[in-house]
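Numbering (this note's numbering), first residue to last: 129 to 408.
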């Protein structure tokens with residue numbers, strides 16, 4: 129299983145791939161996460177209008193694609209992912225925006241290779257199959273986040289659909305499933321108890337965290353780093369819970385959380401954190 133590949137602590141997780149060096153949730157970002165030495169990577173999956181599974185974080189397409197410049201889609205603003213077919217989504221450019229906006233300043237600082245900059249134009253929204261094949265081919269563990277289907281509350285069918293894709297890719301041993309929708313996690317545990325799950329939380333912690341996670345069958349806990357302190361990390365780690373906060377982009381903070389015992393640090397700056405840890 130996932131934790132057989134990563135049996136210690138202090139691991140680096142590439143958030144949506146190497147998100148500070150490439151357009152997030154693209155195959156280029158996944159590739160650079162691996163190249164930059166991430167121990168595992170995180171991606172987001174949701175469902176299209178025709179029932180396919182694609183890798184994208186936002187509920188809509190405006191921020192990370194060229195959809196707003198496509199006349200044929202202008203009447204669909206704000207362009208929710210769920211209203212587009214796979215074919216339509218695959219026609220979009222999901223990479224050029226990064227080269228234009230330089231969201232992390234990494235291009236200006238010379239941290240992005242010119243060859244990678246040239247590859248950004250034309251990056252596509254990947255299918256779940258593509259990302260699972262990449263993970264399997266490279267033995268690169270994946271934290272697979274199932275986005276909450278807010279437009280279809282109570283619909284658990286995406287869980288079995290994701291599980292089917294994982295099994296088709298023969299990637300069961302490389303996958304950790306996470307979600308803010310904890311019903312999805314309970315359903316994954318019911319269908320596939322061999323695949324570990326992690327609870328994503330923001331705002332506040334659940335009451336009696338250890339008992340809550342045990343009832344859920346979750347062995348991982350992924351809180352917003354803003355609500356996490358080092359004493360809680362030590363407490364949960366002592367209870368056998370794998371704590372991986374998101375999104376930790378301050379390297380001093382990341383180091384302190386690692387020293388407290390965090391299993392993983394989910395960061396946009398894979399390359400920076402890896403250099404920091406290598407220099408110790």
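Glycine included, C-beta positions come from ideal geometry on N, C-alpha and C. Being a predicted model, the structure only gives us computed values, none of them experimental.
Taking the alpha-carbon of residue 175 as reference, which of 343, 273, 266 and 368 has the nearest alpha-carbon?
Out of 343, 273, 266 and 368, 273 has the C-alpha closest to the C-alpha of residue 175.
By Cβ distance, which residues of its chain are closer than 8 Å to residue 297, with the 5 residues on each side in sequence left out?
Within the same chain, residue 297 has close Cβ partners 257, 260, 261, 263 and 264.
Look at residue 326 and residue 372 and say whether their C-beta atoms are less than 8 Å apart.
In contact: residue 326 and residue 372 (Cβ atoms closer than 8 Å).
Among all the DSSP beta bridges, which residues are the ones paired with residue 392?
Answer is 139, bridged to residue 392.
Buried or exposed: residue 253, going by 16 or more other Cβ atoms within 10 Å of its Cβ?
That one is buried.
Under a three-way DSSP split, which group does residue 173 fall into?
Three-state result, residue 173: strand.
What are the start and end residues of the beta strand (DSSP E) that includes residue 274?
It spans 270–274 - the beta strand (DSSP E) in which residue 274 sits, taken as one unbroken run.
With a threshold of 8 Å on Cβ separation, who are the neighbours of residue 353 within its own chain once the five nearest residues in sequence on each side are excluded?
The residues are 373, 374, 375, 376, 381 and 385.
For the candidate residues 209, 155, 396 and 357, whose alpha-carbon lies nearest to that of residue 275?
It is 209 whose Cα lies nearest to the Cα of residue 275.
Out of 356, 316, 357 and 310, point me to the one whose CA is closest to residue 340's CA.
Ranking 356, 316, 357 and 310 by Cα distance to residue 340 puts 310 first.
Which residues in the same chain have their Cβ closer than 6 Å to the Cβ of residue 148, if we skip the five residues on either side of it in sequence?
Once the five neighbours on either side are set aside, the close Cβ partners of residue 148 are 232, 234, 396 and 397.
Hey, how far is the Cα of residue 129 from the Cα of residue 324?
One C-alpha to the other measures close to 8 Å.
Reducing DSSP to helix, strand and coil, say where residue 195 ends up.
Residue state, collapsed to three classes: helix.
Along the alpha helix (DSSP H) that carries residue 310, what are the first and last residues, could you check?
Per DSSP, residue 310 belongs to the alpha helix (DSSP H) from 310–319.
How about residue 248 and residue 229: do their beta carbons lie closer than 8 Å?
Cβ atoms of residue 248 and residue 229: not closer than 8 Å.
For residue 303, list the residues DSSP reports as bridge partners.
Paired residues: 270.
Can you tell me the Cα-Cα spacing of residue 313 and residue 172, whole angstroms?
Residue 313 and residue 172: Cα-Cα distance of roughly 15 Å.
Have a look at 182, 392, 244 and 190 and flag the residue whose alpha-carbon is nearest the alpha-carbon of residue 269.
Measuring from the Cα of residue 269, the nearest candidate turns out to be 392.
Could you tell me whether any Cβ in chain B is nearer than 8 Å to the Cβ of residue 146?
Protein chains in the displayed structure number just one, and chain B is not present.
Per DSSP, residue 352 is paired with what?
Answer is 374, bridged to residue 352.
Grab the span of the alpha helix (DSSP H) containing residue 291 for me, first residue to last.
Counting along the chain, the alpha helix (DSSP H) containing residue 291 begins and ends at 285–296.
Could you say which of 222, 290, 355 and 361 lies nearest to residue 319 if we only look at CA atoms?
The shortest Cα separation from residue 319 among 222, 290, 355 and 361 belongs to 290.
Measuring alpha carbon to alpha carbon, tell me which of 315, 150 and 285 ends up nearest residue 345.
Nearest of 315, 150 and 285 to residue 345, Cα basis: 315.
What did DSSP end up calling residue 262 once you bin it into helix, strand or coil?
Three-state result, residue 262: helix.
If residue 304 and residue 271 are in contact, beta carbons under 8 Å, what's the gap, nearest whole angstrom?
Between residue 271 and residue 304 the Cβ distance is about 5 Å, and since that is below 8 Å, they are a contact.
In this structure, what does DSSP give as the bridge partners for residue 255?
DSSP output for residue 255 lists 182 as bridge partner(s).
So what's residue 131 in DSSP terms, helix, strand or just coil?
Helix at residue 131.
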